[in-house]
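Student:
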Amino acid sequence: MIKASAYAGFDKSSPLAPFNFERRDPGPRDVQFDILYCGVCHSDLHTVRSEWPGTVYPCVPGHEIVGRVTKVGSAVKGFKEGDLAAVGCMVDSCGTCPSCKGGLEQYCDNGDITFTYNGPDKHKTAPVTYGGYSSVLVVDEKFCFRVSEKLNLAAVAPLLCAGITTYSPLRHWGATKGKKVGIVGLGGLGHMGVKFSHAFGAHTVLFTTSPGKEADAKRIGADEVVISKDPDAMAKHIGSFDIILDTVAASHDLDAYTSLLKRDGTLILVGAPEHPHPSPAVFNLIFRRRCIAGSLIGGTTETQEMLDFCAEHNIVSDIEIIPIQKIDEAYARMLKSDVKYRFVIDMASLKS
Ligand code: NAP
Ligand code: ZN
-19 MIKASAYAGF
-9 DKSSPLAPFN
1 FERRDPGPRD
11 VQFDILYCGV
21 CHSDLHTVRS
31 EWPGTVYPCV
41 PGHEIVGRVT
51 KVGSAVKGFK
61 EGDLAAVGCM
71 VDSCGTCPSC
81 KGGLEQYCDN
91 GDITFTYNGP
101 DKHKTAPVTY
111 GGYSSVLVVD
121 EKFCFRVSEK
131 LNLAAVAPLL
141 CAGITTYSPL
151 RHWGATKGKK
161 VGIVGLGGLG
171 HMGVKFSHAF
181 GAHTVLFTTS
191 PGKEADAKRI
201 GADEVVISKD
211 PDAMAKHIGS
221 FDIILDTVAA
231 SHDLDAYTSL
241 LKRDGTLILV
251 GAPEHPHPSP
261 AVFNLIFRRR
271 CIAGSLIGGT
281 TETQEMLDFC
291 AEHNIVSDIE
301 IIPIQKIDEA
311 YARMLKSDVK
321 YRFVIDMASL
331 KS
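Residues -19 to 332 in this note's numbering are what the sequence shown lists, from first letter to last.
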C-alpha cells in the first residue's frame, strides 16, 4: 500500500485538516502519480459541507488533478514514468453499457460511475474514494489523461472539471460561428465557458452579478457583458440567444434567461445548487419551443479532445495558487464570488 498525505473535511462545518491514508498498489492497468496541483471546484465545497446528500467523512475533495507519473502497471500503454498525467471527476465506470462504450462514462446506463472522491471504492482500500487534495493518486489508465508539456501545468488543472463541464455542452449544442451564446456567472466554470465559446467562434455574452468583472470578461473573450441584476440591460436581449449556459452555484430565477432564448433555443444548466431553482414559467417555454437542459462533466474521449484543443489553442484557466493550509479561506472567498477565476492548490504545500 502507498502512504498518502491529504487534507480532509471531518464534518460539515469544521475547517479541513490534515489526514493520512493509504492508496492501493498499482495493478496492471494502473498509473501512479505524484499530485503537483489540484484545482478547487465549487463542487468540493458543496460536498465537504454536505450541501448535497451522501457525504462520507473523512472527505478528501479534489477532482482537477495534475501530476507526474512515478510508476505504471505492466499493461499500461499510454504512460511511462516521468510523463505528465491528469485526472478529472471520474476514476471508474461499468465499462460495458452503451454510454460507457461510447466514451460517455459520466452517463453510465448502469449508474455505476465512480467519482474521484466520495464515491464507493471498488478496490475496497477505503469506504469511499479520496480525491486530489492529496500527495499521490493511483488510477486506471482509462481515466488518466495526457497533458501537453507546453502549457502552464497549474493552470491546466481546472480544465479537468471546469474546462470539460463547459466544453462538452457547448460542443453538444453547437456553439459555433454565427450563434449567440450566453454564459451565466464568471466563476471557475463560467470563465472557461467564455474562453471556449469565444474559441469556437460564437458571439459570446457574459451575464454576471458582479460589475467589477466586466473588464476581465472582455479580456478573456466576451463580446458583451450584461449585469444580470439590471432589468433594462436584460430586456435588450429578449428572444435573441441560441444557447445560454448557466454555471451559477446558487438557486435563482430561470425565467430571466429562458425569456432571452430564440425559438428552439436552449438554456443548459450545469450549476448544481444546494436548493432547487424556482420552477420555471411554462408559457415562456411553450410559446417559442424553448428547452431547458442539463449536462454533466464530460466523458473520457471528449476530455482528452478538450485537453488537446487547449494545447493547440493555448487555452488554460486564470488561476490563483494557494497552499493547502488556505483552503478554508479560499472557500469563504468562493462564496463571495471573489475568485479570479480558479483557486489551484500547490501540493508541495502539503509537506510544509
Ligand atoms: P464558482 O467559481 O463559485 O462560480 C459560480 C459563479 O456563479 C460566481 O462566480 C458568480 O458569478 C455566480 N453566482 C454565485 N452566486 C450567485 C447568486 N446567488 N446569484 C447569481 N450568480 C451567482 O463555482 P464553479 O466551481 O464554477 O461551479 C459552479 C456550479 O457548477 C457549482 O454548483 C458546481 O457544483 C457546479 N458544477 C457542475 C458540474 C456539472 O457537471 N454539471 C461540474 C462542476 C461543477 P458572477 O460574480 O459573475 O455573478
Ligand atoms: Zn468540479
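We put the beta carbon where it would ideally sit given N, CA and C, even for glycine.
Would you call the CB atoms of Leu169 and Thr189 closer than 8 Å?
Tutor: For the pair Leu169 and Thr189, the CB atoms are not nearer than the 8 Å cut-off.
Student: In the DSSP assignment, find the alpha helix (DSSP H) that holds Asn264 and state where it starts and stops.
Tutor: 262 to 266
Student: Shorter than 7 Å, the distance from the beta carbon of Thr94 to the closest heavy atom of the ligand NAP, or not?
Tutor: no
Student: With which residues is Arg3 paired in a DSSP beta bridge?
Tutor: DSSP output for Arg3 lists Ile(-18) as bridge partner(s).
Student: Looking at His43 and the ligand ZN, is the gap between the Cβ and the nearest heavy atom below 7 Å?
Tutor: yes
Student: Taking only three categories from DSSP, how would you classify Tyr(-13)?
Tutor: strand
Student: Give the straight-line distance between the Cα atoms of Cys74 and Cys88, rounded to the nearest whole angstrom.
Tutor: 7 Å
Student: Considering only heavy atoms of the ligand ZN and the C-beta of each residue, which residues fall inside 5 Å, strictly closer?
Tutor: Cys21, Ser23, Cys141
Student: With three or more C-beta pairs closer than 8 Å as the rule, is the stretch 111 to 122 touching the stretch 228 to 247?
Tutor: no
Student: Using CA coordinates, which residue listed in Lys331, Met327, Ser332 is at the minimum distance from Leu16?
Tutor: Met327
Student: Just curious, the alpha helix (DSSP H) that Val174 is in, first and last residue?
Tutor: 168 to 179
Student: Please go through the same chain and pick out, in chain order, the residues whose beta-carbon is closer than 7 Å to the beta-carbon of Asp(-9), but skip the five residues on each side of it.
Tutor: If you ignore the 5 residues before and after Asp(-9), its C-beta comes within less than 7 Å of the C-beta of Tyr37, all in its own chain and listed in chain order.
Student: Since His43 contacts Leu140 with CB under 8 Å, what's their CB separation in whole angstroms?
Tutor: 7 Å
Student: Kindly give me the distance between the Cβ atoms of Val205 and Ala197, rounded to whole angstroms, as I take these residues to be in contact under 8 Å.
Tutor: 5 Å
Student: Any heavy atom of the ligand NAP within a distance shorter than 7 Å of the CB on His232?
Tutor: yes
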